[in-house]
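One structure below.
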Amino acid sequence: MPFFTPGDDPGSSFPELLRRIGRSPEMTMAATSIPGNELSIPHATTCVALTYADGVVMAGDRRATSGNLISHRSMEKVVQADRHSAVAIAGAAGPAMEMVKMFQLQLEHYEKVEGNSLSLEGKANQLSAMVRGNLPAAMQGMIVVPIFAGYDIRREVGRLWDFDATGGRYEERDFVATGSGSLHAGTVIKVGFRPNLSRDEAIQLACISLWEAADADSATGGPDPIRGIYPVVAAIDADGWDRIDDIDLAARFDTIREEASSR
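Residue 140 in this note's numbering is what sits at position 139 of the sequence shown, and the numbering runs on without skipping anything.
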């Protein structure tokens, strides 16, 4: 366990702690980049998030692609950050997963040192700094573009942010989509969204958006009932993170399939 003098104490910042002991998080994430070989690196694709009356819903398909190949069919792109927040990743899978793990550790470290959790906006700021730290890898094609969302305990409302490759963060009021199928998924949510959706309506709209994205974008994976693989869908409200069961999702996608067939 490292010890620090009063003037050299990294405080509650876990990334700063890594820098003080010579393990920069930026160097760790950038090391996953392989210049000139981007197509062989698995990339995560489509994720969405939208607000509803009591919180937020996040959803992401399970497919990862390497160029025109399907490299993984069951990747989990929506990851719980802490009890009241989550991250959805799109872009280069390696740096993205490393970033999420670092982000989870930062939140846990801060809470242990300070005795209180970061505010939801503070968490968004911290993730923004991590995305900015990945900029050298992003310039080589290893871009990571996450979505961050959660339930703001202080304001008692669901909030969500999207990011660009330089670390810029932008709070969205209603919904956000990222990844290769974001145009199709975002359009579906834009058409179907209205203020104060119920939890069930928001989950259904997220499922429909991923279905339509998978129908139009080859890099987005749809539901796979043969293998029992369904998108990761979670709701976050005052009670915290709640991942929707695959049995529930299977019934929802069966309904969506029947409606699509009837058209």
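For each residue, glycine too, the CB sits at the ideal point set by N, CA and C.
Keep in mind that this is a model prediction, so the values were computed, not measured.
The straight-line gap separating the alpha-carbon atoms of Ala186 and Ile209 is approximately 8 Å. DSSP lists Phe164 as the beta-bridge partner residues of Arg170. Separation of Ser181 and Gly61 (C-alpha to C-alpha, rounded to the nearest whole angstrom) is 12 Å. Between Val145 and Asn135, the beta carbon gap of about 5 Å places them in contact (Cβ cut-off 8 Å).
The segment 130–207 contains, as complete beta strand (DSSP E) runs of 3+ residues, the segments 148–153, 158–164, 170–173 and 176–179 (chain order). Taken atom to atom, the span from the alpha-carbon of Asp249 to that of Gly168 is near 36 Å.
For Gly95, there is no enclosing beta strand (DSSP E); the enclosing alpha helix (DSSP H) has its first and last residue at Ala94 to Glu115. In this structure Asp55 is not in contact with Arg253, their Cβ atoms being roughly 19 Å apart against a cut-off of 8 Å. Ranked by Cα distance from Ala217, the options Ile42, Ser14, Thr47 and Pro43 are led by Thr47. In the three-state scheme derived from DSSP, where H, G and I count as helix and E and B as strand, Asp247 is classed as helix. Under the 10 Å beta carbon count, Val80 is surrounded by 16 or more other beta carbons and is classified as buried. Take Ile227, set aside five residues on each side of it, and no residue of its chain has a beta-carbon closer than 6 Å to its own. Taking a 10 Å sphere around the C-beta of Lys102, we find fewer than 16 other C-beta atoms and assign the residue as exposed. The beta carbons of Ser86 and Lys113 sit no closer together than 7 Å.
In this model, Ala251 and Glu115 are separated by some 42 Å (Cα to Cα).
Segment contact: the segment 187–196 against the segment 154–166, fewer than three CB-CB distances shorter than 8 Å; contact not assigned.
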